[in-house]
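Following UniProt numbering, the numbering of the sequence shown begins with 1 at its first residue and continues without gaps. For every residue, glycine included, the Cβ atom is placed at its ideal position computed from N, Cα and C. The structure appears right after this line, and notes come after that.
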Amino acid sequence: MPTQMTDQSTLCRSSLAALKAHVLSPEWREPAIGIVHLGIGNFHRAHEALYTEEAMLAQPGDWGICGVTLQGDVSKRDALMKQDGLYSVVERGPDGVRVTVVRALREVLAMPVDRARLFARFADERVRIVSLTVTEKGYCRDPQTGDADFTHPGIAHDLMHPDEASTVPGILCAALKSRRDAGAAPFTVLSCDNLSHNGDALRQAVCSFARKLDPALADWIETQVAFPSTMVDRIVPATTDADREAAHAALGVRDEVPVPCEPFRQWVIEDRFPCGRPAWEVAGAQLVDDVAPFEVAKLRMLNATHSTLAYLSMLAGFETISDAVGHAPLRTLIHEMMTHEIAPTLNVPASFDLLAYRDALLDRYANPALSHRCAQIAMDGSQKMPPRILSTIAARLDAGQPIERLALATAAWFTFLRGQSDDGTRYRIDDPLAERLTKAAGDADTPERLVDALLAISDVFPPALAHHPALRDALIRAATKLRGGALAAIAEYSRID
Ligand code: CS2
Numbered sequence: 001m002p003t004q005m006t007d008q009s010t011l012c013r014s015s016l017a018a019l020k021a022h023v024l025s026p027e028w029r030e031p032a033i034g035i036v037h038l039g040i041g042n043f044h045r046a047h048e049a050l051y052t053e054e055a056m057l058a059q060p061g062d063w064g065i066c067g068v069t070l071q072g073d074v075s076k077r078d079a080l081m082k083q084d085g086l087y088s089v090v091e092r093g094p095d096g097v098r099v100t101v102v103r104a105l106r107e108v109l110a111m112p113v114d115r116a117r118l119f120a121r122f123a124d125e126r127v128r129i130v131s132l133t134v135t136e137k138g139y140c141r142d143p144q145t146g147d148a149d150f151t152h153p154g155i156a157h158d159l160m161h162p163d164e165a166s167t168v169p170g171i172l173c174a175a176l177k178s179r180r181d182a183g184a185a186p187f188t189v190l191s192c193d194n195l196s197h198n199g200d201a202l203r204q205a206v207c208s209f210a211r212k213l214d215p216a217l218a219d220w221i222e223t224q225v226a227f228p229s230t231m232v233d234r235i236v237p238a239t240t241d242a243d244r245e246a247a248h249a250a251l252g253v254r255d256e257v258p259v260p261c262e263p264f265r266q267w268v269i270e271d272r273f274p275c276g277r278p279a280w281e282v283a284g285a286q287l288v289d290d291v292a293p294f295e296v297a298k299l300r301m302l303n304a305t306h307s308t309l310a311y312l313s314m315l316a317g318f319e320t321i322s323d324a325v326g327h328a329p330l331r332t333l334i335h336e337m338m339t340h341e342i343a344p345t346l347n348v349p350a351s352f353d354l355l356a357y358r359d360a361l362l363d364r365y366a367n368p369a370l371s372h373r374c375a376q377i378a379m380d381g382s383q384k385m386p387p388r389i390l391s392t393i394a395a396r397l398d399a400g401q402p403i404e405r406l407a408l409a410t411a412a413w414f415t416f417l418r419g420q421s422d423d424g425t426r427y428r429i430d431d432p433l434a435e436r437l438t439k440a441a442g443d444a445d446t447p448e449r450l451v452d453a454l455l456a457i458s459d460v461f462p463p464a465l466a467h468h469p470a471l472r473d474a475l476i477r478a479a480t481k482l483r484g485g486a487l488a489a490i491a492e493y494s495r496i497d
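Here it is in structure tokens:
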């Protein structure tokens, strides 16, 4: 009888038996698929997938994951499926590297080519959770109203052709409609993106889209579907050859798609899952009634300082976050920014020690083993700046408080949009509003014009903020300093009281 040829040199389910030291537990029952995850990038694979694997080891259940790439990235699907959905998480801590093979991912689909298979999954009542990491821009929201953005070409297309939907609101509506039409229970929709009140934000985008299409469907979604909010946290850079080599050295077989990450991880989840969920708490997830304080603290402390470091570093020439915090004045600047300008705006439970949180963040950033590139964080500023930095600025201006360091962060973004670092190196601006932003920044020949041109972009700056004189003044001061070079501006702003 001919034997089937398997590639012994690459990670696959038949190589698992030899990898006992690199799985969480050799006891493993292959689960049926219970979660469809939209946006099968590195973050999900180092976060929810790992929590889910640990939950299933403690409490067996059918929570296997079907991961979906929404960009039609067939090569990503094929690379993962060639390895039967297996991949390794390469945890890089200051004390060394730990490689763990994750088994929870059972299938990978690419939209739009796999539409029929994806909708068969959505129709399967064993799928009880549809989770998402599609980044801020994936929600296609109107920044002013929070509804789906009906001027967005993808949303306009999906309203005309709901059976060929390609946006997140369009796909979720079509999937939920198929459940309703079949008289089946809906699935829970779980946003895992860095948006404030991410569950509510997604619910509004989906329901406003559904209301245009089919008001009865919108009513059904509003009353029947749960959209719990979550706060997710783990620093997960892009994969490099060094990660492939680390996985190979540990496993003895090749893994083309490992995921590097820091040892730290956190997941705070609003506990509203009418059709059940994995026992994520056994893996350390915190199931709470209200995620908002955790979510806002993470966005305003971690993500805000990440963006600040990224824009100042793109100008000053620091390549990674650990390089950036290795520059003492920059580290001081973000330390002081968290202490004096951000932490006082946060309303967290008494047990949440914000200064300890700040110090832990600085330690995480300094992790020399994690090469987290500033250019990766600098992407999509038009989506990231409002929840990360502008929300804190607005709160402080309302209270009549100073915003100098936050203004420097914002002016660094404006200056970054000119597409050139202080030493003349040119880079590309990767942002859904890139055309408008780079035109506004490129045409401005003075700090005043730069600030005015960018404040006029109402998708980023709501009118009350755009017209606040104290903001404009602080931005012009900071943009003027940045003209003299980011290093000099960092030095000066690290010294203010
Ligand atoms: C980062 C985040 O890329 C970015 O914008 O700020 O991905 C950050 O690493 C995660 O939110 C950490 O949990």
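Residue i Cβ short of 7 Å to ligand 1 heavy atom set
i, result
"Lys384", "yes"
"Asp323", "no"
"Asp193", "no"
"Val232", "yes"
"Gln286", "no"
"Leu132", "no"
"His306", "yes"
"Ile389", "no"
"Ile429", "no"
"Leu312", "no"
"Gln224", "no"
"Leu302", "yes"
"Ile377", "yes"
"Ile235", "yes"
Best match in the options for proximity to residue i [C-alpha to C-alpha]
i, options, result
"Gly199", "Glu256, Trp220, Phe273 and Ala249", "Phe273"
"Gly484", "Asp422, Ala466, Ile269 and Gln376", "Asp422"
"Thr332", "Arg495, Leu465 and Asp452", "Arg495"
"Phe461", "Asp363, Pro387, Thr339 and Leu57", "Pro387"
"Ala58", "Trp28, Cys173 and Glu164", "Trp28"
"Ala369", "Lys384, Arg77, Arg92 and Leu19", "Arg92"
"Tyr357", "Ala297, Leu482 and Arg141", "Ala297"
"residue 508", "Gly39, Cys207 and Pro215", "It is not possible to answer for residue 508, since the shown part of the chain is limited to 1 through 497."
"Val127", "Gly252, Val282, Gly64 and Ser208", "Gly64"
"Ala185", "Pro26, Ile129 and Phe416", "Ile129"
"Leu482", "Gly442, Ala466, Phe416 and Arg426", "Phe416"
"Asp323", "Ala216, Ser371, Trp280 and Leu361", "Ser371"
"Val168", "Asp459, Phe209, Leu309 and Arg121", "Phe209"
"Gly284", "Ala55, His37 and Ser25", "Ala55"
"Ala466", "Gly67, Arg428, Ala488 and Ala394", "Ala394"
With 16 other Cβ atoms within 10 Å as the buried cut-off, status of residue i
i, result
"Ser307", "buried"
"Gln71", "exposed"
"Arg396", "buried"
"Ser15", "buried"
"Phe294", "buried"
"Phe352", "exposed"
"Met160", "exposed"
"Ala17", "exposed"
"Gln144", "exposed"
"Pro239", "Checking the sequence shown, residue 239 turns out to be Thr, not Pro. So Thr239 ends up on the buried side."
"Lys384", "buried"
Sequence-distant residues of the same chain with beta carbon closer than 8 Å to residue i, five excluded per side
i, result
"Ile457", "Ser382, Leu433, Arg436, Leu437 and Ala440"
"Arg234", "Phe43, Ala46, His47, Cys261, Glu262, Phe264, Arg265 and Gln266"
"Ala470", "Leu397 and Ile403"
"Val102", "Arg45, Ala49, Leu50, Glu53, Leu86, Tyr87, Ser88 and Val89"
"Asp380", "Thr135, Glu136, Lys137, Asp430, Asp431 and Pro432"
"Pro94", "Asn367, Pro368 and Ala369"
"Thr339", "Leu355 and Arg358"
Residue i vs residue j beta-carbon contact at 8 Å
i, j, result
"Arg106", "Gly138", "no"
"Val108", "Leu132", "no"
"Leu346", "Arg300", "yes"
"Leu390", "Tyr493", "no"
"Phe227", "Ser178", "no"
"Gln376", "Pro258", "no"
"Asp255", "Ala247", "yes"
"Val253", "Thr10", "yes"
"Asp158", "Gln204", "no"
"Arg277", "Trp220", "no"
Other residues of its chain near residue i: CB distance less than 7 Å, five sequence neighbours each side excluded
i, result
"Cys12", "Thr6, Gln83, Asp84 and Leu86"
"Leu312", "Leu330, Ala412, Ala486 and Ile490"
"Val268", "Thr230, Met231, Gln286, Val288, Val291 and Phe294"
"Arg418", "Ala441 and Gly442"
6 Å Cβ shell around residue i - same chain, five flanking residues per side excluded
i, result
"Ala491", "Pro329"
"Val325", "Arg331, Tyr365 and Ala366"
"Glu448", "Ile476"
Residue-level contact to chain B via CB, residue i, 8 Å cutoff
i, result
"Thr239", "This model lacks chain B altogether; it includes just one protein chain."
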